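For reference, the structure discussed in these notes is given below.
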Amino acid sequence: MVAGDLQRLPEGRSQLRRVSWNPRLDQGPPRKSRKKLQVIICVLLVELCERFTFFGIVCNMILFCTVKLGYNNYLAATVNLCFIGASTLTPVLVAWFAETCLGKTKVLYLCAFLHFFGTAMLPVVAFPFEDFYIDTHHMTHQLEHREQQILFYTGLLAAALGIGGIRAILCPMGAYSLQGYDQHQLLSFFNWFYWLVNLNSTVVFLGIAYIQQSVAKNLAFLIPFTSVLLALIAIHMMRNKLTFKPKKGGSLLTTLGVFLNSLKMCCLHYRHLSGDVTSWLDRAKENNGGRYSETHVENVKVLAKLFPLYGLQLMYRACITQIPSGYYIQTMNSNLHLHDLLLPIGAMNVISILPLLLLAPLIECVTTFYLLKEKTPPAPAKLITMGHVCATLSVLVAGLSELQRKAYPLVEQTLSGKVLQVSSMPCFQLAPQYILLGVAEALVTPACSLISFQLTPSHISGISLHFLTLSYGGGCFLGAFIIQLLYFFSGGNFYPNILHDGNLERFFFVLATLMALNTLVFWSVSYRYIDLSVQGKALTISPLTEKLLYYKASLSYYDTVDHSTGSIL
Numbered sequence: 174m175v176a177g178d179l180q181r182l183p184e185g186r187s188q189l190r191r192v193s194w195n196p197r198l199d200q201g202p203p204r205k206s207r208k209k210l211q212v213i214i215c216v217l218l219v220e221l222c223e224r225f226t227f228f229g230i231v232c233n234m235i236l237f238c239t240v241k242l243g244y245n246n247y248l249a250a251t252v253n254l255c256f257i258g259a260s261t262l263t264p265v266l267v268a269w270f271a272e273t274c275l276g277k278t279k280v281l282y283l284c285a286f287l288h289f290f291g292t293a294m295l296p297v298v299a300f301p302f303e304d305f306y307i308d309t310h311h312m313t314h315q316l317e318h319r320e321q322q323i324l325f326y327t328g329l330l331a332a333a334l335g336i337g338g339i340r341a342i343l344c345p346m347g348a349y350s351l352q353g354y355d356q357h358q359l360l361s362f363f364n365w366f367y368w369l370v371n372l373n374s375t376v377v378f379l380g381i382a383y384i385q386q387s388v389a390k391n392l393a394f395l396i397p398f399t400s401v402l403l404a405l406i407a408i409h410m411m412r413n414k415l416t417f418k419p420k421k422g423g424s425l426l427t428t429l430g431v432f433l434n435s436l437k438m439c440c441l442h443y444r445h446l447s448g449d450v451t452s453w454l455d456r457a458k459e460n461n462g463g464r465y466s467e468t469h470v471e472n473v474k475v476l477a478k479l480f481p482l483y484g485l486q487l488m489y490r491a492c493i494t495q496i497p498s499g500y501y502i503q504t505m506n507s508n509l510h511l512h513d514l515l516l517p518i519g520a521m522n523v524i525s526i527l528p529l530l531l532l533a534p535l536i537e538c539v540t541t542f543y544l545l546k547e548k549t550p551p552a553p554a555k556l557i558t559m560g561h562v563c564a565t566l567s568v569l570v571a572g573l574s575e576l577q578r579k580a581y582p583l584v585e586q587t588l589s590g591k592v593l594q595v596s597s598m599p600c601f602q603l604a605p606q607y608i609l610l611g612v613a614e615a616l617v618t619p620a621c622s623l624i625s626f627q628l629t630p631s632h633i634s635g636i637s638l639h640f641l642t643l644s645y646g647g648g649c650f651l652g653a654f655i656i657q658l659l660y661f662f663s664g665g666n667f668y669p670n671i672l673h674d675g676n677l678e679r680f681f682f683v684l685a686t687l688m689a690l691n692t693l694v695f696w697s698v699s700y701r702y703i704d705l706s707v708q709g710k711a712l713t714i715s716p717l718t719e720k721l722l723y724y725k726a727s728l729s730y731y732d733t734v735d736h737s738t739g740s741i742l
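The sequence shown maps to residues 174 to 742 in the working numbering.
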């Protein structure tokens with residue numbers, strides 16, 4: 174309504190009166206800014222609570238599995254890595270499920286319930302009943318081992334699904350509106366984004382690890398339960414205002430369908446006559462007998478250029494996952510005493526995080542210096558190569574440290590109420606391998622995110638980041654598979670339950686060899702990702718549709734109105 178509009182009086186009168194309306198321009202922007210501030214605060218609160226629960230579960234899971242559940246080291250490490258991998262993969266899968274099936278609101282409440290249920294199950298497993306209840310006959314009540322395992326795995330699965338829903342719907346990467354930024358601004362964003370994530374991890378590892386191990390034993394499994402209540406409060410405060418609607422540009426299923434249809438058509442090509450194409454993916458196009466439009470296929474061809482990057486991150490992620498698995502077991506079997514203080518095992522994880530907290534500002538300063546001198550900063554592909562070299566050196570140093578650790582005499586050390594025979598070597602001598610992995614993460618993760626985002630068009634950049642996330646989760650499962658494989662082939666010698674009776678260093682040496690080969694392969698293909706000045710381009714509309722729209726537009730002379738949309742996707 175504008176000034177001078179006509180409005181009919183009530184009670185059916187036929188008179189017309191002139192109404193003037195003066196908008197209060199001074200209230201619009203402040204109200205909008207307050208709403209934006211509320212959304213930002215709630216998103217930060219939800220992300221803080223979600224990561225607090227995640228790290229609260231992961232922080233000392235190996236210690237809990239080995240000491241309380243009686244698992245062998247290899248099985249405890251496998252369970253931990255599978256939970257981390259599932260929590261990494263579920264945001265991608267839940268995001269697709271929310272878009273295609275139930276809708277975001279229902280999925281959000283379902284995942285919130287699963288998260289609550291999962292974190293509530295873990296205290297049931299963590300507290301043996303004799304810790305707080307003895308009946309009149311002085312009989313202790315404890316869960317059977319089988320029942321304890323069922324509750325434990327049920328809780329982990331429900332928590333992983335809940336974490337995925339919260340990350341996918343409330344805190345997606347696409348909500349940060351990164352379109353329109355240049356390469357250096359994007360690298361700066363990813364550096365500081367992962368810096369904040371790791372700052373949160375530092376607080377969690379120090380706090381929860383100490384409570385779990387030294388003060389209240391299993392009490393810290395109640396912390397995820399308490400933290401999820403805060404997340405539910407944040408969801409209730411803003412509900413739909415926290416959700417983010419991504420741009421339409423295809424899906425993971427469409428991308429997978431293009432590959433499968435291309436393979437099918439290639440197989441048919443050898444049995445039937447068909448025309449030649451420039452790329453094997455072109456056989457999935459409708460004009461070549463396939464099932465997909467030219468738009469979908471061209472988008473997939475852009476993503477296919479990044480698949481070597483995604484695939485080579487699998488082995489790198491398998492090395493990074495040694496922090497919550499192999500390195501953790503090494504630290505647990507080392508001397509954790511600092512004078513009269515028993516250090517939490519999670520304190521060593523903080524050592525791996527410190528390089529990320531220090532290098533992010535340093536990389537920002539170096540990039541700014543290069544730009545002021547009108548020079549080109551180091552390419553992200555070179556940073557990734559350097560990070561892979563650091564990861565290789567870290568696993569190699571871990572093997573050498575294991576040889577040194579076994580040379581020290583054994584001493585007794587109490588962890589979670591159980592006396593263990595551990596090496597007398599101070600745990601701080603393992604710090605170099607943690608620092609090298611921290612440096613690798615500081616170099617690799619922001620650079621990979623930048624390449625994935627920069628080399629794809631804006632309407633499919635979300636899919637590109639989804640594939641990068643899938644490679645991260647797949648690396649966790651690859652790490653678990655390598656542990657299982659080497660354990661069975663070596664008869665338990667490469668991943669022993671008692672480290673002094675086996676050769677854990679051989680596991681690290683095998684892993685270092687695989688990572689060195691992975692680094693050489695990435696270095697040989699890194700030239701593809703050096704030049705990021707031209708962003709990836711893909712068809713958003715087929716040439717035939719373009720011509721049809723042109724001819725439709727020419728009909729406007731005859732007062733024709735076209736209500737159709739020009740986007741195929």
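Note that CB positions come from ideal geometry on N, CA and C, so glycine has one too. Quick caveat: nothing in here was measured; it's all calculated off a predicted structure.
query, result
"From A520 to P528, what does the alpha carbon distance come to, in whole angstroms?", "14 Å"
"Which residue or residues does DSSP assign as beta-bridge partners of T541?", "BP columns for T541 are empty, so no partner."
"If V377 sits next to F225, beta carbons under 8 Å apart, how far is it from one beta carbon to the other, in whole angstroms?", "6 Å"
"Among P481, E614 and P599, which residue has its Cα nearest to the Cα of L556?", "E614"
"For H512, name the three-state secondary structure that DSSP assigns.", "coil"
"For S597, which residues of its own chain have a beta-carbon under 6 Å away from its beta-carbon, when the five flanking residues on both sides are left out?", "N508, Y581, P582 and V584"
"For T587, write down the residues that DSSP places opposite it in a beta bridge.", "V592"
"Return the CA-CA distance between S699 and I624, expressed in angstroms with no decimal places.", "11 Å"
"May I ask which residues mark the beginning and end of the alpha helix (DSSP H) holding E317?", "First-last for E317: undefined, no H or E at that position."
"Please determine, among L248, I214, V265 and I633, the residue with the shortest C-alpha to C-alpha distance to S647.", "Checking the sequence shown, residue 647 turns out to be Gly, not Ser. Per the Cα distances, V265."
"Between the segment 356-369 and the segment 317-334, do three or more beta carbon pairs fall short of 8 Å?", "no"
"Looking only at its chain, what residues have a beta carbon closer than 8 Å to the beta carbon of L379, apart from the 5 residues adjacent to it on each side?", "P517, G519, A520 and V523"
"Is the beta carbon of Q586 closer than 9 Å to that of Q594?", "yes"
"For F695 and F662, I'd like the C-alpha separation in whole angstroms.", "28 Å"
"For T501, which residues in the same chain have their Cβ closer than 6 Å to its Cβ, ignoring the five residues on either side in sequence?", "In the sequence under discussion, the amino acid at residue 501 is Tyr, which differs from the Thr named in the question. The answer, listed in chain order, is I235."
"Could one say the Cβ of I671 lies closer than 9 Å to chain D's Cβ atoms, at least one of them?", "Of the protein chains in this structure there is only one, and it is not chain D."
"Can you find the residues in the same chain that come closer than 6 Å, C-beta to C-beta, to L609, ignoring five residues on each side of it along the sequence?", "C563, L566 and S567"
"From S466, A685 and N670, pick the residue whose C-alpha is nearest to that of N245; which is it?", "N670"
"For V297, collect the residues of the same chain with a Cβ closer than 6 Å to its Cβ; drop the 5 residues on either side in sequence, then sort them by chain order.", "L324"
"Within its chain, find whatever has a CB closer than 8 Å to the CB of Q322; leave out the 5 residues flanking it on each side and keep chain order.", "L242"
"Could you tell me the distance, in whole angstroms, from the CA atom of L283 to the CA atom of E272?", "14 Å"
"Hey, how far is the Cα of Y489 from the Cα of F289?", "33 Å"
"Let me make sure I understand the geometry here. Which of A333, I342, G652 and F626 has the alpha-carbon closest to that of F227?", "A333"
"So is I703 buried or exposed if we call it buried at 16+ other beta carbons inside 10 Å?", "exposed"
"May I ask you to list the residues that DSSP assigns as paired with Y702?", "Note: Y702 sits in no beta bridge, so no partner."
"For K548, does the count of other Cβ atoms within 10 angstroms reach 16, so buried, or fall short, so exposed?", "exposed"
"Any chance the segment 538-553 sits against the segment 638-646, with 3 or more Cβ pairs inside 8 Å?", "no"
"As a quick exercise: from G328, M505 and G664, pick the residue whose alpha carbon is nearest that of P599.", "M505"
"DSSP state of K478, grouped into three classes?", "coil"
"Which residues in the same chain as T558 place their Cβ atom closer than 8 Å to its Cβ, once the five residues preceding and following it in sequence are excluded?", "T692, F695, W696 and S699"
"Apply the 10 Å Cβ neighbour rule to I214 and answer buried if 16 or more other Cβ atoms are within range, or exposed otherwise.", "exposed"
"According to DSSP, is K279 part of a helix, a strand, or is it coil?", "helix"
"Rounding to the nearest angstrom, what Cα-Cα distance links C611 and P497 in this structure?", "As written in the sequence, residue 611 is Gly, which differs from the Cys given in the question. Rounded to whole angstroms, G611 to P497 spans 13 Å at the Cα level."
"Here's the rule: buried if 16 or more other CB atoms are within 10 angstroms of the residue's CB, otherwise exposed. What is H512?", "exposed"
"Tell me whether K548 sits in a helix, a strand or coil according to DSSP, three-state version.", "coil"
"So for Y244, helix, strand or coil by DSSP?", "coil"
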